[in-house]
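First residue of the sequence shown: 34, per the numbering used here; consecutive thereafter.
Beneath this line is the structure, given in structure tokens, with notes to follow.
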Amino acid sequence: MKKKTINSLYIHIPFCSSICSYCAFYKILDKITTENAYIDQLIEDIEKTKNNFNPFKTIYIGGGTPSSLSVENLNKILFALNTLIDKDCEFTIEANPESITEEKLILFRKYGINRISIGLESFDSKYLKLMNRDYKINYFNLIKTIKKHFDNINVDLIYGLPNETEDDLNDEIANFLKLDVPHISLYSLEIHKGTSLYIKGYKEENGDTLRNQYDLILSKLRNNGYERYEVSNFAKHGYESQHNLNYWHDNEYLSLGVGGSGYINNIRYKINPPINDYLLGKRNIVKETVTISDNKEYYLLTNLRLKDGFSLKEYEKKFNSSILFDKKIEIEQYINVGLLKIEDNRLKVTDNGMYILDSILVDLI
Ligand SMILES: C[S@@+](CC[C@H](N)C(=O)[O-])C[C@H]1O[C@@H](n2cnc3c(N)ncnc32)[C@H](O)[C@@H]1O
Ligand code: SF4
């Protein structure tokens with residue numbers, strides 16, 4: 034059988050060594066017996082993938098906390114992935130500060146990982162405590178150690194924290210800038226049902242506060258050489274995440290592991306818990322076949338998040354219709370008030386439009 038070629042592979046590792054007070058991702062507390070059995074199952078899936086797919090241009094091991102796996106299990110899974118790495122592949126692993134060791138960094142490099150994404154979130158110990166992430170780790174030393182092995186580094190920053198003042202945020206940004214890493218992902222604090230923050234009654238900040246905080250971060254990052262290439266992602270030139278760009282371009286990607294989701298052959302799918310089913314060899318795959326109108330919707334939802342928007346020609350080729358014709362009135366109105374623009378035959382959201390991206394999307398889909 035001919036092997037399929039797609040750009041991206043995502044692998045979900047659903048283990049963490051402690052649970053953060055805000056996190057609603059699919060994850061469970063580390064237990065070495067579960068972890069060993071999970072990695073064995075994952076390796077079976079990786080072996081099957083080798084029969085059906087050519088090597089990938091981007092691979093992303095996310096979670097949960099992949100860096101919390103034991104050295105032995107990291108060795109096993111990275112060894113298994115070896116032949117799925119295409120030439121010049123962007124190969125990312127997610128890590129959190131407490132589980133990074135130099136031994137693991139060396140191992141990552143040995144197996145071709147060339148990008149590391151770390152959840153730092155904040156430098157402020159009152160917020161780190163609130164998040165249950167007060168690891169007592171000096172982030173400057175941590176990044177210094179990582180830089181010995183990696184230049185392509187992302188750090189996550191959470192803003193919109195409870196009662197966060199302008200001074201708090203100024204200090205936070207100054208510290209993140211001092212790290213001098215080429216990529217920063219921004220997250221505004223979301224309080225999801227069932228999380229410890231939700232149970233304690235914390236609420237998300239209101240829209241005006243979030244907008245002011247976002248503005249402050251945007252201007253400081255731009256002044257320091259970072260480009261906002263996606264609503265919440267900032268990179269120095271040449272360090273944009275190729276894996277995430279593949280999602281935002283609405284291209285296909287394969288996903289392995291419990292809690293992940295993928296998009297192949299016009300089918301979007303999720304691999305659902307419980308993990309015990311997975312450990313017994315059962316894959317709870319829930320599939321959703323995508324109609325043309327769903328496809329158009331996903332295409333806009335993802336591509337318009339990008340600074341470069343999308344090519345009108347590509348849209349026409351893909352959907353056999355012109356969005357300028359289908360949504361003529363809406364697009365003209367948004368262009369007239371400076372929220373959308375057409376440049377180089379691409380439809381793009383302007384800086385001002387990015388603030389109300391959700392409303393623009395509602396009108397276009
Ligand atoms: C799934 S985590 C993976 C990284 C790693 N497990 C860690 O926490 O260091 C990816 C990022 O999502 C963000 N995140 C998760 N839940 C969030 C929430 N409720 N509100 C805002 N950001 C959140 C955090 O910035 C986190 O670093
Ligand atoms: S934020 Fe990261 S470390 Fe914290 S519980 Fe979620 S996945 Fe685990």
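Where is the CB? At the ideal position from N, CA and C, for every residue including glycine.
{"Item": "Along the beta strand (DSSP E) that carries Lys211, what are the first and last residues, could you check?", "Value": "Where Lys211 is concerned, there is no enclosing beta strand (DSSP E), although the alpha helix (DSSP H) it sits in stretches over 199-212."}
{"Item": "Figure out for me which residue from Thr324, Leu117, Lys162, Val382 has the closest Cα to the Cα of Gly342.", "Value": "Val382"}
{"Item": "Once DSSP output is grouped into helix, strand and coil, what is the label at Thr91?", "Value": "strand"}
{"Item": "Exposed or buried, which one is Leu163 when buried takes at least 16 other CB atoms within 10 Å?", "Value": "buried"}
{"Item": "Sort Ile308, Lys374, Lys143, Lys329 by Cα distance to Lys60 and report the nearest one.", "Value": "Ile308"}
{"Item": "Just to confirm, is the Cβ distance from Glu80 to Asn106 under 7 Å?", "Value": "no"}
{"Item": "So does Ile191 have its beta carbon nearer than 6 Å to some heavy atom of ligand 1?", "Value": "yes"}
{"Item": "What distance in whole Å lies between the Cβ atoms of Ile94 and Glu135, which are believed to be in contact at a cut-off of 8 Å?", "Value": "With a Cβ gap of about 19 Å, Glu135 and Ile94 do not count as contacting."}
{"Item": "With a threshold of 8 Å on Cβ separation, who are the neighbours of Asn378 within its own chain once the five nearest residues in sequence on each side are excluded?", "Value": "Ser344, Leu345, Lys346"}
{"Item": "Only counting the same chain, and skipping five residues up and downstream in sequence, which positions put a Cβ closer than 6 Å to that of Leu254?", "Value": "Phe267"}
{"Item": "Which value, in whole angstroms, describes the spacing of the CA atoms of Thr38 and Glu77?", "Value": "20 Å"}
{"Item": "State the DSSP-derived secondary structure class of Lys320, mapped to helix, strand or coil.", "Value": "strand"}
{"Item": "Less than 8 Å between the CB atoms is what I'm expecting for Thr444 and Phe48, so what's the real figure, rounded?", "Value": "Residue 444 lies beyond the residue range present for the chain, which begins at 34 and ends at 398; the question has no answer from this structure."}
{"Item": "What's the gap between the Cα of Ile170 and the Cα of Asn40?", "Value": "36 Å"}
{"Item": "Can you name the residues that DSSP bridges to Phe183?", "Value": "Looking at the DSSP assignment, Phe183 forms no beta bridge with any residue, so it has no partner."}
{"Item": "Just verifying my parser: in three-state terms, what is the DSSP assignment at Tyr220?", "Value": "strand"}
{"Item": "Of all the beta strand (DSSP E) runs that stay within the bounds of the stretch 242-301, which reach a length of 3 or more residues?", "Value": "260-263, 266-268, 286-289, 294-297"}
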